[in-house]
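Residue numbers (the working numbering): 17 to 311.
One structure is given below, encoded as structure tokens.
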């Protein structure tokens, strides 16, 4: 006999924009998010018996996100995600777990004539600030915060050599190379008992994000990297030392390769080794280095 062993459903790609207008200063602050809501609970019969009475419509989820954004702060995203997730398990008694993913897009205030403009912004990159908040009935709220899509490159200060070799290996040892990656860095907070604990932690969320971002960028730039693996681990160590309230840090770093182009066939032109200046960026295949570090 067949049975449902796992099921969840929800609304993805809910686009939300909120503006805060300071009437005294005339300055406005904007936040743009993409939200995903996924629900679990006593919903098996909607799959097995076409029983829609247990289905909270995904359109209802969309409307709920808009209303929650109107009635509550949307920053930091950890708080907003926890508020929305808690709403679903508190409101619908047959829903026992709600996962809310929040992706915050970058809007940076414009400067005009050296002064911040009150209501104009620009998108200064594809990097996003991400949050996954999961409320589980009777167990509390788990939150993972993350930096995603942060593209970085350094033109020297990276090496990769003395790696394992066998009959399938063609890669030469490299003592100086270009290092580029798209950072996906996440940190998981110790479980919160409820929304009150999340609210108490609000001052820590922005600080942790700023700290993790600074450690990532500073370590990437300044370390003479022996490998992506080792550099990644050092980043994790520093973030965990700086933020005692988190239980783990994880990174996923795809290696964006830049290959030397041998031009010796053209009049003996030197463009390899110490003479390399022109490279061919490669989209794929690429290395992918991942690690999770816990206490």
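Note that beta-carbon positions come from the ideal geometry of N, C-alpha and C, so glycine has one too.
- Query: Between the stretch 235-247 and the stretch 284-291, do at least 3 Cβ pairs fall closer than 8 Å?
  - Reply: Per the Cβ contact rule, the stretch 235-247 is not in contact with the stretch 284-291 (fewer than 3 Cβ pairs under 8 Å).
- Under 9 Å, do residue 145 and residue 119 count as touching if we go by C-beta distance? Position 129 of the chain shown, counted from the first residue, corresponds to residue 145. Position 103 of the chain shown, counted from the first residue, corresponds to residue 119. Judged by their CB atoms, residue 145 and residue 119 are nearer to each other than the 9 Å cut-off.
- Using beta-carbon positions only, say whether residue 267 and residue 231 come within less than 9 Å of one another. Along the chain shown, read from residue 1 onward, the residue named residue 267 stands at position 251. Along the chain shown, read from residue 1 onward, the residue named residue 231 stands at position 215. No, the pair does not count as a contact, with Cβ atoms beyond the cut-off.
- Message: For residue 229, report the span of its alpha helix (DSSP H) as first-last.
- Response: Taking the chain shown and counting its residues from 1, the one referred to as residue 229 is at position 213. Note, residue 229: alpha helix (DSSP H), 218-238.
- Message: My assumption, with CB atoms under 8 Å, is that residue 23 sits in contact with residue 63. Please give the rounded CB distance.
- Response: Along the chain shown, one-based indexing puts residue 23 at 7. Along the chain shown, one-based indexing puts residue 63 at 47. Contact check for residue 23 and residue 63: beta-carbon distance about 6 Å, within the 8 Å limit, so the pair qualifies.
- For residue 145, which beta-bridge partners are listed by DSSP? Counted from its first residue, the chain shown places residue 145 at position 129. In DSSP, residue 145 forms a bridge with 120, 163.
- Query: Per the contact definition of three or more C-beta pairs closer than 8 Å, is the stretch 21-35 in contact with the stretch 54-62?
  - Reply: Using a Cβ-Cβ distance cut-off of 8 Å, the stretch 54-62 and the stretch 21-35 are in contact, since at least three pairs of beta carbons, one from each stretch, lie closer than that value.
- Message: Quick check on the DSSP output: the beta strand (DSSP E) that includes residue 248 runs from which residue to which?
- Response: Your numbering for residue 248 matches position 232 in the chain shown. Counting along the chain, no beta strand (DSSP E) covers residue 248; the unbroken alpha helix (DSSP H) around it starts and ends at 244-258.
- the stretch 180-188 touching the stretch 212-230, judged by at least three CB pairs closer than 8 Å: No contact exists between the stretch 180-188 and the stretch 212-230.
- Determine the closest residue to residue 222 out of 163, 279, 199, with distance taken between C-alpha atoms. Against the chain shown, residue 222 aligns to sequence position 206. It is 163.
- residue 210 and residue 156 look like a contact to me (Cβ under 8 Å); what is the Cβ gap, rounded to whole Å? For the purposes of this step, residue 210 is identified with residue 194 of the chain shown, where counting begins at 1. For the purposes of this step, residue 156 is identified with residue 140 of the chain shown, where counting begins at 1. Sure, about 7 Å apart at Cβ, within 8 Å.
- Query: DSSP three-state call for residue 191: helix, strand or coil?
  - Reply: In the chain shown, counting from the first residue as 1, residue 191 sits at position 175. If DSSP states are grouped into helix, strand and coil, residue 191 belongs with coil.
- Tell me, please, which residues DSSP counts as bridged to residue 287. If you number the chain shown from 1, residue 287 lands on position 271. Residue 287 pairs with nothing; no bridge assigned.
- Task: Please report how far the alpha carbon of residue 89 lies from the alpha carbon of residue 167, in whole angstroms.
- Result: In the chain shown, residue 89 corresponds to position 73, counting from 1. In the chain shown, residue 167 corresponds to position 151, counting from 1. Roughly 29 Å separates the two Cα atoms.
- Item | 8 Å Cβ shell around residue 134 - same chain, five flanking residues per side excluded | Residue 134 sits at position 118 when you count from the first residue of the chain shown. Its chain contains 41, 42, 43, 44 as the residues whose beta carbon lies nearer than 8 Å to that of residue 134, once the 5 sequence neighbours on both sides are disregarded; these appear in chain order.
- Rounded to a whole number of angstroms, what is the C-alpha to C-alpha distance between residue 370 and residue 311? Residue 370 lies beyond the residue range present for the chain, which begins at 17 and ends at 311; the question has no answer from this structure.
- Query: How about the stretch 190-202 and the stretch 251-267: do they share at least three Cβ pairs that are nearer than 8 Å?
  - Reply: Verdict: yes, contact present.
- Quick one: what does DSSP say residue 93 is sitting in, helix, strand or coil? For the purposes of this step, residue 93 is taken as residue 77 along the chain shown, with counting starting at 1. Helix, per DSSP.
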